[in-house]
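Undergrad:
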Amino acid sequence: MHPNYKRKVNLIVKKYIYFFLGMMFVSSAFVGCNSADEESLVIYSGRSQYLINPILDSFAESTGIDVQVRYGGSVDLALLIEEEGEKSPADVYISKSPGPVAYLAERDLLSDLPEDVLAISPGSDAGNWVAVSGRQRVLVYNRENVTESELPESVFELTEAKWKGRLAIAPRNGSFQDFFTLFRLKHGDDVALDWLKQMVANEVKVYANNNSIVQATARGEVDGGLVNHYYNARLKVENPDTPSANHRFVDGDSGSVTIATVAGIIPGGNEKNAEKLIRFLLDTAAQQYFTDRTYEYPVLAGIESKHDLSKPPTIDFGDFNILGSGLERTLELIREAGFDI
Numbered sequence: 143m144h145p146n147y148k149r150k151v152n153l154i155v156k157k158y159i160y161f162f163l164g165m166m167f168v169s170s171a172f173v174g175c176n177s178a179d180e181e182s183l184v185i186y187s188g189r190s191q192y193l194i195n196p197i198l199d200s201f202a203e204s205t206g207i208d209v210q211v212r213y214g215g216s217v218d219l220a221l222l223i224e225e226e227g228e229k230s231p232a233d234v235y236i237s238k239s240p241g242p243v244a245y246l247a248e249r250d251l252l253s254d255l256p257e258d259v260l261a262i263s264p265g266s267d268a269g270n271w272v273a274v275s276g277r278q279r280v281l282v283y284n285r286e287n288v289t290e291s292e293l294p295e296s297v298f299e300l301t302e303a304k305w306k307g308r309l310a311i312a313p314r315n316g317s318f319q320d321f322f323t324l325f326r327l328k329h330g331d332d333v334a335l336d337w338l339k340q341m342v343a344n345e346v347k348v349y350a351n352n353n354s355i356v357q358a359t360a361r362g363e364v365d366g367g368l369v370n371h372y373y374n375a376r377l378k379v380e381n382p383d384t385p386s387a388n389h390r391f392v393d394g395d396s397g398s399v400t401i402a403t404v405a406g407i408i409p410g411g412n413e414k415n416a417e418k419l420i421r422f423l424l425d426t427a428a429q430q431y432f433t434d435r436t437y438e439y440p441v442l443a444g445i446e447s448k449h450d451l452s453k454p455p456t457i458d459f460g461d462f463n464i465l466g467s468g469l470e471r472t473l474e475l476i477r478e479a480g481f482d483i
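Numbered per this note's numbering, the sequence shown spans residues 143 to 483.
And the structure:
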């Protein structure tokens with residue numbers, strides 16, 4: 143046999159061996175990727191890490207699923223998901239308020255949820271997001287500086303001269319923006335903008351968030367501010383002697399709306415594990431966590447808090463179906479009133 147022929151045969155054999163070894167490597171790599179994907183979950187969370195991370199850790203521990211979380215502002219993350227489109231690594235989006243998640247739903251960037259999940263908790267009419275906990279908007283006030291007889295029945299009264307320079311709001315906060323969205327949709331853009339401009343004229347002070355307002359109120363830096371109920375509830379557990387207290391406006395007033403933390407599934411990702419997380423957040427243990435550890439109102443019936451939260455007569459999330467189209471206009475009006483957001 144000619145030696146050149148033998149060399150050619152050997153080269154051909156080697157090429158086939160390398161080809162099949164390469165194919166085996168590629169196949170095993172894809173199998174590994176699929177296996178990893180099946181045991182992973184990427185969450186974009188607009189809720190603060192210290193509030194939501196313990197329950198996400200509990201989910202990871204009980205399921206064995208590798209949970210990766212990206213934290214940020216609810217609005218910022220919603221805009222990021224929209225920008226990423228089909229390439230978004232997010233499987234689940236958790237927002238501290240309904241506006242941003244409704245914004246995604248309006249743009250078909252959320253998957254439909256199973257009927258039995260939708261039956262557990264209030265959510266969107268379209269069936270693509272659900273509330274997982276609730277908190278009510280209140281006026282936190284300093285009992286040493288504000289008498290009970292001064293307390294207003296309506297949020298409209300906060301523009302009166304007696305409150306000049308005494309109050310605080312957080313216009314960059316998602317909960318304030320949701321409150322203001324519902325406020326303007328109920329009363330009209332002109333009335334809402336006029337109210338906000340009157341608040342500015344009344345020298346309302348601006349803080350970064352609810353917690354800053356509650357702390358400032360407790361220190362006497364301001365006499366009160368518009369916040370979510372649970373910040374002062376938590377402060378009173380940590381410091382029973384704090385002079386700050388929550389005041390609810392009369393039933394039906396725009397100042398006492400209930401804001402929901404909500405969750406939805408991003409299409410095209412690991413929807414199986416995403417659905418597992420949604421169910422976990424609506425299960426008894428997670429609902430008990432929300433009321434005992436974060437001082438919020440559960441959405442699951444039969445959950446009792448170990449704290450005296452003075453639960454409101456009703457928790458109605460129905461109006462939040464209209465928040466998606468309302469958020470952008472709300473931000474425009476807040477800016478028009480003179481706030482930098």
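Beta carbons are placed, not taken as given, at the ideal position from N, Cα and C, and that holds for glycine.
What separation, rounded to the nearest whole angstrom, lies between the Cα atoms of Tyr283 and Pro294?
TA: If you take the alpha carbons of Tyr283 and Pro294, they lie about 11 Å apart.
Undergrad: Tell me where the beta strand (DSSP E) around Ser182 begins and ends.
TA: Here the beta strand (DSSP E) through Ser182 covers 182-187.
Undergrad: Alpha carbon to alpha carbon, how far is Val333 from Val209? Give it in angstroms, no decimals.
TA: Distance between the alpha carbons of Val209 and Val333: 45 Å.
Undergrad: I'd like the span of the beta strand (DSSP E) that includes Ile407, first residue to last.
TA: Here the beta strand (DSSP E) through Ile407 covers 400-407.
Undergrad: Residue ranges of each alpha helix (DSSP H) run of no fewer than 4 residues wholly in the region 408-453, ordered along the chain?
TA: 413-423, 426-435, all fully within the region 408-453.
Undergrad: In the DSSP output, which residue or residues are listed as bridge partners for Ser237?
TA: In the DSSP output, where bridge partners are listed per residue, Ser237 has Val404.
Undergrad: Residue range of the alpha helix (DSSP H) that Leu335 falls in?
TA: Counting along the chain, the alpha helix (DSSP H) containing Leu335 begins and ends at 331-343.
Undergrad: Check whether the Cβ atoms of Ala428 and Ile197 sit closer than 7 Å, and answer yes or no.
TA: Yes; because the gap between Cβ atoms is below 7 Å, this pair is in contact.
Undergrad: For Leu475, which residues in the same chain have their Cβ closer than 8 Å to its Cβ, ignoring the five residues on either side in sequence?
TA: Answer for Leu475: Phe322, Arg326, Asp331, Ala334, Leu335, Leu338, listed in chain order.
Undergrad: Which residue comes first and which comes last in the beta strand (DSSP E) that contains Leu368?
TA: It spans 366-370 - the beta strand (DSSP E) in which Leu368 sits, taken as one unbroken run.
Undergrad: In or out: Ala303 buried (at least 16 other Cβ within 10 Å) or exposed?
TA: Counting Cβ neighbours within 10 Å, Ala303 comes out exposed, since fewer than 16 surround it.
Undergrad: Among Phe298, Ala479, Trp305, Lys448, which one has its Cα closest to the Cα of Val392?
TA: The shortest C-alpha separation from Val392 is found at Phe298.
Undergrad: Pair every Cβ in the region 284-291 with every Cβ in the region 433-440, then say whether three or more of these pairs are closer than 8 Å.
TA: The answer is no - the region 433-440 does not touch the region 284-291, with fewer than three Cβ pairs under 8 Å.
Undergrad: With DSSP run on the structure shown, which of helix, strand or coil describes Ala350?
TA: Ala350 falls in the coil class under three-state DSSP.
Undergrad: Please report the Cβ distance between Lys238 and Gly188, rounded to the nearest whole angstrom; I am assuming they are in contact, meaning their Cβ atoms lie under 8 Å.
TA: With a Cβ gap of about 5 Å, Lys238 and Gly188 count as contacting.
Undergrad: Taking the alpha-carbon positions, what's the Tyr245 to Gly411 distance?
TA: So the two alpha carbons sit approximately 19 Å from each other.
Undergrad: Taking 7 Å as the threshold (C-beta atoms), are Asp199 and Ala416 in contact?
TA: Not in contact: Ala416 and Asp199 (Cβ atoms no closer than 7 Å).
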